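Residue numbers (full-length UniProt numbering): 1 to 194.
For each residue, glycine too, the CB sits at the ideal point set by N, CA and C.
Remember, it's a predicted structure, so these values are computed and weren't measured experimentally.
See below for the structure under consideration.
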Amino acid sequence: MSFAEKITGLLARPNQQDPIGPEQPWYLKYGSRLLGIVAAFFAILFGLWNVFSIITLSVSCLVAGILQMVAGFVVMLLEAPCCFVCFGQVNEIAEKVESKPLYFRAGLYIAMAIPPIILCFGLASLFGSGLIFGTGVVYGMMALGKKASAEDMRAAAQQTFGGNTPAQTNDRAGIVNNAQPFSFTGAVGTDSNV
1 MSFAEKITGL LARPNQQDPI GPEQPWYLKY GSRLLGIVAA FFAILFGLWN
51 VFSIITLSVS CLVAGILQMV AGFVVMLLEA PCCFVCFGQV NEIAEKVESK
101 PLYFRAGLYI AMAIPPIILC FGLASLFGSG LIFGTGVVYG MMALGKKASA
151 EDMRAAAQQT FGGNTPAQTN DRAGIVNNAQ PFSFTGAVGT DSNV
């Protein structure tokens with residue numbers, strides 16, 4: 001068994017089937033899951049740190065810490081439901097979100113990461129919620145899909161739209177009709193030599 005197969009076996013859920021959508025590379029699929037688990041752990045940890053800011057009477061940092069911890073628990077619930085085996089409905093919730101398109105998860109993670117940063121801008125909220133934001137960005141990139149092949153991009157670039165003439169590819173295609181070339185060999189005939 002190769003190292004990649006061991007890693008994918010550790011990060012795969014029991015009875016998990018491959019998604020029906022466009023195939024993603026294994027390192028992106030499981031790397032995003034691993035990033036989400038790490039992000040959730042640090043969001044909970046730094047959210048707890050922000051909650052302790054009540055000592056300095058900063059209510060906004062207290063609220064930001066609570067929101068960051070909730071976001072960390074939600075991300076952990078969706079990425080690693082095995083951490084919440086004591087709750088019966090966790091697998092159903094994770095499967096429901098798993099069946100949604102990837103851009104749904106990306107939007108959810110990005111939306112959960114922004115309020116703690118706005119409420120209490122500091123290293124703890126920036127790092128904890130920033131990792132969740134990064135996980136959302138990775139899922140957003142996966143939702144966009146991979147780039148088309150070179151042949152497909154060339155074919156799309158050569159298509160004509162609305163009956164226009166095909167694109168000209170010679171060197172003088174962008175020059176205005178009847179334009180005279182510049183000449184630096186002598187003075188222009190209308191120059192007054194002033």
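The alpha helix (DSSP H) with E79 in it runs from where to where?
V59 to E79
Which value, in whole angstroms, describes the spacing of the CA atoms of V97 and F42?
22 Å
Alpha carbon to alpha carbon, how far is A94 from P19? Give it in angstroms, no decimals.
Per-residue confidence for P19 stands at a pLDDT of 47, beneath the threshold of 50, marking its modelled position as unreliable; the derived number appears in the next sentence. One C-alpha to the other measures close to 14 Å.
Span of the alpha helix (DSSP H), counted from its first residue to its last, around K29
W26 to V51
Where I118 and S125 are concerned, what is the direct C-alpha to C-alpha distance, given to the nearest angstrom?
9 Å
Under 8 Å by Cβ, that's how I've got G47 and G65 pegged, so tell me the actual separation to the nearest angstrom.
5 Å
Can you tell which of Q159, K146 and F133 has the C-alpha that lies nearest to the C-alpha of Q24?
K146
Express the C-alpha separation of M76 and K29 in angstroms, rounding to a whole number.
16 Å
Any chance the segment 139-157 sits against the segment 99-113, with 3 or more Cβ pairs inside 8 Å?
yes
Note down the Cα distance separating G21 from F87, rounded to an integer number of angstroms.
Because the pLDDT of G21 is 46, which lies under 50, any placement of that residue in the model is unreliable, and the number read from its coordinates should be weighed accordingly. If I take the Cα positions, the gap works out to 29 Å.
For A150, does the count of other Cβ atoms within 10 angstroms reach 16, so buried, or fall short, so exposed?
exposed
Mind checking which residues open and close the alpha helix (DSSP H) that includes V137?
L123 to L144
Opening and closing residue of the alpha helix (DSSP H) in which K96 lies:
V90 to S99
Rounded to whole angstroms, what's the CA-CA distance from I54 to A113? Just pull it up for me.
21 Å
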